[in-house]
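To start, the structure itself, in structure tokens.
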């Protein structure tokens, strides 16, 4: 299987004069194969979300390399970055806030299609198809984010992320803000899409229990570093590091 | 033992939402004022410049509803004609500073770095001038007149909008929907036009609405001090200034423009307040 | 044993719209009741109703909440203030928000005690330190001298529990007390609340969306869905054999760790 994402010695430093610089991500390296589901778990402040932001170039990398489908995008800008976004998309934690409050869900889903040269009619047709793939009726294209529930909005956000057919989806706590029953439905949808489109997922999450059935491989992060990697069962049933043990013991 | 009691019933009073009505009323009144100022030439019953020295300082009558001034000019006509200078120049002024200031603010927030620092410190510099002193300086260099008074007010007022737009832009810059738009491949111009501008327009609009009243007062104030409109051009502030010594004997001559200022400022302030409440998402259903 | 608090056929409405309907339950001293439900189920409003904290638009439109013979929704603000804190304590999801950001933690604990009639500063500080120590803080002096922002979110939450227990209330209302916390900290806060019951015999009403937290803490539980009771009973028996389909669905949707 080919590699879709390779991260090498990634570092992010947030300068802070008063309290000393914060090393949010410290020498993180990992690879993600095409069609693989990799989870990064950790508590708040572990640097897991920062990794997602660095990979998606929403934050400037301090040092290190990010190869997306073989191409180094660690400092990509402009057209090169736009091309990179064709291959990777992100689903955010707060679904409602990830849509412009003044535009409809349809506008949000079609934005990337229009930006990449599709005609309006074709984009709308594609948008309807995506909505039905994600289990929403076509009328949702005309709804505003505050008019729909969190779960429906997250379905629309997944539809938006899938629009330009990326090969890698970064899910940043994509189910954490949802009710458990809704969370279960969204996870099922993600499983279904992953099988259908053979996509790679980078699944950022704080809940280990969620990851156990959902992902192929797990990375545990703590204070900006990777402390442990392995298959979910390996990590959960026989953790090697003290921190991982503590984390697992705390799960109710 | 306690007997099973019927549950207490409490009636809930529900305040009806009168926001829409308020918006229509104040919006309508403001529109009326603007139309009045726009068509002031057609609305005046007499020529506001026509002097009739046989009828000076006449008290209000059926012929001259607000009386006449010391040159025998019809006060009602002069107040209506004055609305052109007062309301129209204020709207122009506020429109200009709101647009210019917001653009500077948004660009500063987006570009950042040295550009941002230099421009925002320049803005601070303008903010540090007391309005009147600056207007005096402008009048001294460029001479008096409505245009120079507007220029002076614009120069010291735009930074407020620049700061507001900048802070608003920075606040939504990190919002997930802006990041999602970036990942959808939208460039910086599209980002500003489609996502940032519509989302920060609300607070800027409200500030501008509330500023109309303030600016009207300031403009009238400058004119009152003789730094704005020059006689015989009818302008409410200068009309009051010219006739202030008549207040004890022929009060209508001073009170008519004073009342016009009072009413217009109040209408625009109330409209501003209502728009703010209307845009507040907490009040939306 | 007498009932400490009892909700009887409670309806709550916001702006004329009923969001909680016909909820009844009661709690004895030292008991912990868990109220679970998803967003919009009305569970938080149920808790807020006890302290008349529903805001301007909310009202208990039907039913009664009795605490020691007082019908809470009918109390005047002044009467409520006497009860609030000393008889009934409250903890919120974001404890940081209930501390004043520009004053030291110690001063705020001091204020709570002063407001309820103990003016001696030295004595108060000692009391606060003592309580912090009992709740397992290694260095209470440091906590007292800190500003809220200097403490982590988890630490703030733990201090909030201590602050709520300062006046030794008989009843503690906890609204999603652990939902914003990491699992490792969540465990500490749960243990702290259980300790509060052990030391002071405090009864707790716990509102949460997390079944795990209820399972770890509550003796009894009530499942809410769209403002109505779906199921109510002993935690252990509901967890083992839920009778309603909704509870079953909640339980099966909850991610479980296979160790």
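Protein chains in written order, with our numbering: chain A, 7 to 258; chain B, 3 to 287; chain C, 466 to 724. For glycine and all other residues, C-beta sits at the position ideal for the given N, C-alpha and C.
So, is the C-beta of residue 287(B) closer than 8 Å to a C-beta in chain A? What you label residue 287(B) is simply residue 285 of the second chain in a count that begins at 1. Below a pLDDT of 50, predicted positions are generally treated as unreliable, and residue 287(B), at 44, falls in that range; no measurement from the model is reported.
Three-state secondary structure assigned by DSSP to residue 706(C): Position 241 of the third chain, counted from the first residue, corresponds to residue 706(C). In the structure shown, residue 706(C) sits in coil (DSSP, three-state: anything other than H, G, I, E or B).
By the 8 Å beta-carbon criterion, what residues does the region 157 to 180 of chain B contribute toward chain C? none
Do residue 240(A) and the ligand HEM come close, with the Cβ less than 7 Å from some heavy atom? What this structure holds is no ligand at all, so the ligand HEM is not there to describe.
Would residue 64(A) be called buried (16 or more neighbouring beta carbons within 10 Å of its own) or exposed? For the purposes of this step, residue 64(A) is taken as the residue at position 58 of the first chain. Answer is buried; the Cβ neighbour count reaches 16.
Could you tell me which uninterrupted alpha helix (DSSP H) segments, each at least 4 residues in length, are contained entirely in the region 76 to 156 of chain A, listed from first to last along the chain? 84 to 93, 111 to 121, 126 to 139
Could you tell me how far apart the beta carbons of residue 556(C) and residue 625(C) are, in whole angstroms, since I believe they sit closer than 8 Å? Translated into positions along the third chain, residue 556(C) becomes position 91. Translated into positions along the third chain, residue 625(C) becomes position 160. At roughly 5 Å, the Cβ-Cβ gap stays under 8 Å, so residue 556(C) and residue 625(C) are in contact.
Out of 571(C), 487(C), 563(C), which has the shortest C-alpha to C-alpha gap to residue 508(C)? In the third chain, counting from the first residue as 1, residue 508(C) sits at position 43. The shortest C-alpha separation from residue 508(C) is found at 487(C).
Simplified DSSP state of residue 596(C), which is helix, strand or coil: Within the third chain, the letter at position 131 stands for residue 596(C). In the structure shown, residue 596(C) sits in a helix (DSSP, three-state: H, G or I).
How about the region 613 to 627 of chain C and the region 642 to 661 of chain C: do they share at least three Cβ pairs that are nearer than 8 Å? yes
Distance, residue 20(A) Cα to residue 192(A) Cα: Residue numbering aside, residue 192(A) sits at position 186 when the first chain is read from its first letter. Residue numbering aside, residue 20(A) sits at position 14 when the first chain is read from its first letter. So the two alpha carbons sit approximately 34 Å from each other.
Segment contact, 8 Å Cβ cut-off, at least three pairs: the region 546 to 561 of chain C with the region 590 to 598 of chain C: no
Between residue 187(A) and chain C, is the shortest Cβ-Cβ distance under 8 Å, so that the two count as touching? Here residue 187(A) is taken as the residue at index 181 of the first chain, counted from 1. Output row for residue 187(A): interface = yes.
Which chain A residues are close to residue 649(C), counting only those with a beta carbon under 7 Å from its beta carbon? Taking the first residue of the third chain as 1, we reach residue 649(C) at position 184. Ordered by position in chain A, the residues that pass the 7 Å Cβ test against residue 649(C) are 49, 252, 253, 256.
Quick one: using the 10 Å Cβ neighbour count with 16 as the cut-off for buried, is residue 105(A) buried or exposed? On the first chain, position 99 is the one that residue 105(A) refers to. Buried, since its Cβ has 16 or more Cβ neighbours within 10 Å.
Considering residue 197(B), what are the terminal residues of the alpha helix (DSSP H) in which it resides? Numbered from 1 along the second chain, position 195 holds the residue referred to as residue 197(B). No alpha helix (DSSP H) contains residue 197(B), which DSSP labels as neither H nor E.
Using a Cβ-Cβ cut-off of 8 Å, state whether residue 212(A) counts as contacting chain C. Taking the first chain and counting its residues from 1, the one referred to as residue 212(A) is at position 206. So yes, residue 212(A) belongs to the interface.
Can you give me, in chain order, the residues of the region 66 to 88 of chain A that have a beta carbon less than 9 Å from any beta carbon in chain B? 84, 87, 88
Quick one: using the 10 Å Cβ neighbour count with 16 as the cut-off for buried, is residue 201(B) buried or exposed? As a working note, residue 201(B) is residue 199 in the second chain. Buried, since its Cβ has 16 or more Cβ neighbours within 10 Å.
Which whole-angstrom value describes the C-beta separation of residue 190(B) and residue 527(C), a residue pair presumed to lie in contact below a C-beta threshold of 8 Å? Translated into the one-based positions of the second chain, residue 190(B) becomes position 188. Translated into the one-based positions of the third chain, residue 527(C) becomes position 62. Incorrect: roughly 56 Å between the Cβ atoms, too far for contact.
Inspect the CB distances between the region 65 to 84 of chain B and the region 115 to 130 of chain B and report whether three or more fall short of 8 Å. no
Closer than 7 Å at the beta carbon, the chain A residues around residue 641(C): Reading the third chain from its first residue, position 176 is the one you call residue 641(C). Simply none; closest approach about 13 Å.
I need the DSSP call for residue 665(C), collapsed to helix, strand or coil. Numbered from 1 along the third chain, position 200 holds the residue referred to as residue 665(C). Correct three-state label for residue 665(C): helix.
Just mark residue 51(B) as buried or exposed, buried being the case when its beta carbon has 16 or more other beta carbons within 10 Å. Counting from 1 along the second chain, the entry for residue 51(B) is found at position 49. That one is exposed.
Report yes if the C-beta distance between residue 6(A) and residue 101(A) is below 8 Å; otherwise report no. This structure cannot settle anything about residue 6(A), because the visible part of chain A is limited to 7 through 258.
N- and C-terminal bounds of the alpha helix (DSSP H) containing residue 257(A): The sequence position of residue 257(A) within the first chain is 251, counting from 1. Where residue 257(A) is concerned, there is no enclosing alpha helix (DSSP H), given that its DSSP letter is neither H nor E.
Answer with buried or exposed for residue 37(B), where buried requires no fewer than 16 other C-beta atoms within 10 angstroms of its C-beta. Residue 37(B) sits at position 35 when you count from the first residue of the second chain. Flag for residue 37(B) reads exposed.
For residue 677(C), would you say it is in contact with chain A, using Cβ-to-Cβ distances shorter than 8 Å as the test? Here the question's residue 677(C) lines up with position 212 in the third chain. For residue 677(C), the answer is yes, since a Cβ of chain A falls inside 8 Å of its Cβ.
Answer yes or no: does any C-beta atom of chain A fall closer than 8 Å to that of residue 538(C)? As a working note, residue 538(C) is residue 73 in the third chain. Output row for residue 538(C): interface = no.
Under the assumption that residue 55(B) contacts residue 151(B) (Cβ atoms under 8 Å), give the Cβ distance between them as a whole number of angstroms. Walking along the second chain from the start, residue 55(B) turns up at place 53. Walking along the second chain from the start, residue 151(B) turns up at place 149. Not confirmed; about 30 Å, so no contact.
List the residues of chain A whose Cβ lies closer than 9 Å to the Cβ of residue 205(B), in chain order. Translated into the one-based positions of the second chain, residue 205(B) becomes position 203. What residue 205(B) touches in chain A: nothing, since even the nearest Cβ is about 14 Å away.
I want to verify the contact list: residues of chain A whose CB lies under 7 Å from the CB of residue 187(B), in sequence order. Start at 1 with the first residue of the second chain, and residue 187(B) comes out as number 185. By Cβ distance, chain A contributes 88, 91, 118, 121, 122.
Within 8 Å, strictly: CB atoms of residue 69(B) and residue 238(B): On the second chain, residue 69(B) is found 67 positions in, with the first residue counted as 1. On the second chain, residue 238(B) is found 236 positions in, with the first residue counted as 1. No, they are not a contact pair.
Contacts that residue 719(C) makes with chain A (C-beta to C-beta distance below 7 Å): For the purposes of this step, residue 719(C) is taken as the residue at position 254 of the third chain. Here the neighbours are 186.
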